[in-house]
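**Q**
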Amino acid sequence: MPNPQNLPFLESVGWQLNNVYQLTEKEMLQLYQRNWHHQTTFNNFQKSEKDFVHYLAKKYNSWILPDLEMFHLEHHNQILKILNTFKREVLQKADAHFAGGTLLALEYDEYRLSKDIDFLFPYGTENYRYLRNLVYDEGIAALFQSLTDIRLGESTINQYGIRFPVAVSETNIKVEIVANGGFTLDPPVYPNWANIPCLSIGDRFTSKLMANADRWNDSSTQSRDLIDLAILRVNNEIPLRAIAKAEETYEVKKPLVKAINNFLDKEEYRDKCFQQLNVPENKIPVIMNGINLLFVDFN
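Each residue of the sequence shown is one higher than the one before, counting from 19 in my numbering.
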């Protein structure tokens, strides 16, 4: 994130300096920290500047970071704390991308509760061997910058990936780093709230289309894959390549149409899904709009 040229709060607390925009990022952060108690004094600390401070606080692991956590649900903030402790360079070298419903929930305004952390990394590659060897040699702790604020549980490692629980603030969160052999991963993206590699837009569609094809008829999933696809569709056009990548492995279009019809036809089941996934009332029309868009796309 480049230094923005409109930081009114920083200008206010640094009024005695000739030009606050000539400060380094670290000097800016230090000035924010020294004057953090004034954040409610001035009526000019706006979202764009808070986003910049959040970027600085994450980059330098500042003590003000908890004040800048950006999610409404406490469970999601706990997940973010864990994500921020991962070693970015290890994930990059392993080509491991943050994925799944939790990525989507955090990216798209917490339209539902998502409880776990999932990564995908390519199966049968040098990246795969690097990650397995690292964990075998140094343990799960090698994935993290620090264990000060988290506790690691017992891990399970097999040919399909690495699984382990992480406790943060007395909350246990399951982490899965899963080997992906179904499709080739695109280069990752980096949302403004995360400093780790995340699944591309196209691969989000691909992975969710495949997940829906696998389990659309399993009511215990609460149709979460369809709901995730609906939110993705509201926010993005479906890349044709994303569908093609999924269908190189197996059929995904017909299962999606079946999932949509099943969801639309069963009002009681639909309401139960929204309730069990903690979908806010104001997000239900958004999700239904996304499902209608998917219906048009695939019919």
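Just so you know, even glycine gets a beta-carbon here, dropped at the ideal spot from N, CA and C.
Jot down the residue ranges of each uninterrupted beta strand (DSSP E) in the segment 131-187, minimum 3 residues, whole runs only, in chain order.
**A** 135-140, 174-176, 179-186
**Q** For K226, which option in P183, D127, Y208, Y268 has the closest C-alpha, if you only look at C-alpha atoms?
**A** Y268
**Q** Go to N190, then tell me how far its beta strand (DSSP E) extends in each direction, as first and last residue.
**A** 189-198
**Q** Using C-beta distances below 8 Å, list every residue in its chain close to Y141, excluding the 5 sequence neighbours before and after it, in chain order.
**A** A197, N198, G199
**Q** What residue ranges within the segment 186-267 form continuous alpha helix (DSSP H) runs of no fewer than 4 residues, ordered along the chain?
**A** 219-233, 242-253, 258-265
**Q** In the DSSP assignment, find the unbroken beta strand (DSSP E) run with A277 in it and report its ends.
**A** Element bounds for A277: not the beta strand (DSSP E) but the alpha helix (DSSP H), 271-283.
**Q** So T103 and D155 are in contact, right, with Cβ under 8 Å, and what is the actual spacing, rounded?
**A** About 20 Å separates the CB atoms of T103 and D155; that is not less than 8 Å, and the two are not in contact.
**Q** Can you tell which of L203, Q294, L83 has the C-alpha that lies nearest to the C-alpha of T224?
**A** L203
**Q** Between the C-alpha atoms of V153 and T174, what's the straight-line distance to the nearest angstrom?
**A** Their backbone Cα atoms lie some 11 Å apart in a straight line.
**Q** Using a Cβ-Cβ cut-off of 7 Å (strictly less than) and excluding sequence neighbours within five positions of N253, which residues of its own chain qualify?
**A** Here the set comprises Y126.
**Q** Give the DSSP bridge partners of A117, in chain order.
**A** D136
**Q** Check the C-beta distance from K76 over to N213 and give it rounded, since I have them as a contact under 8 Å.
**A** Between N213 and K76 the Cβ distance is about 6 Å, and since that is below 8 Å, they are a contact.
**Q** What does F70 pair with, by DSSP beta-bridge criteria?
**A** Note: F70 sits in no beta bridge, so no partner.
**Q** What whole-angstrom Cβ distance do Q110 and P22 have, given they're in contact under 8 Å?
**A** Incorrect: roughly 26 Å between the Cβ atoms, too far for contact.
**Q** So is A114 buried or exposed if we call it buried at 16+ other beta carbons inside 10 Å?
**A** Its Cβ being crowded by 16 or more others within 10 Å, A114 is buried.
**Q** Which whole runs of the alpha helix (DSSP H) in the segment 31-96 are 4 residues long or more, in chain order?
**A** 43-52, 65-77
**Q** Need the endpoints of the alpha helix (DSSP H) that P303 sits in, please.
**A** Annotation for P303: the continuous alpha helix (DSSP H) segment containing it runs 302-315.
**Q** With DSSP as the reference, identify every bridge partner of F104, one or two as the case may be.
**A** F162
**Q** Please go through the same chain and pick out, in chain order, the residues whose beta-carbon is closer than 7 Å to the beta-carbon of P209, but skip the five residues on each side of it.
**A** E125, C216
**Q** Is the separation between the beta-carbon of L244 and that of N230 shorter than 8 Å?
**A** yes
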